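Here the sequence shown stands for residues 373 to 453, where the numbers follow the numbering used here. Built from N, CA and C at the ideal position, the CB exists for glycine as well. Every value quoted in this text rests on a predicted model; they were computed, and no experiment measured them.
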Amino acid sequence: MLPRRKFLQTSAALGFGLAMNQRLFADSGYPDFVSKRPPLSERHFTSAAVEETIAMVKKGIKSKELAWLFENCYPNTLDST
Numbered sequence: 373m374l375p376r377r378k379f380l381q382t383s384a385a386l387g388f389g390l391a392m393n394q395r396l397f398a399d400s401g402y403p404d405f406v407s408k409r410p411p412l413s414e415r416h417f418t419s420a421a422v423e424e425t426i427a428m429v430k431k432g433i434k435s436k437e438l439a440w441l442f443e444n445c446y447p448n449t450l451d452s453t
């Protein structure tokens, strides 16, 4: 039988290891994220500066889902105004 102290140490180490390794589980199983922005021809406002900012910020975001959310949400009010 495993002593209580050893069990707690092992459980804590395992939990810590899993918590630190979230990146392994974060991107698994997600489909490719496709932009939901209106086509350029249907946008009411376009700006090269906004497009450059989106591209620059997306490069710095590791999570594909978070980058997709930023790409779709950041210019949302500008695209449909």
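- Between residue 407 and residue 443 the beta-carbon gap is near 6 Å, inside 8 Å, which marks them as a contact.
- Counting only the Cα atoms, residue 418 lies some 18 Å from residue 429.
- The C-alpha of residue 404 lies about 47 Å from the C-alpha of residue 375.
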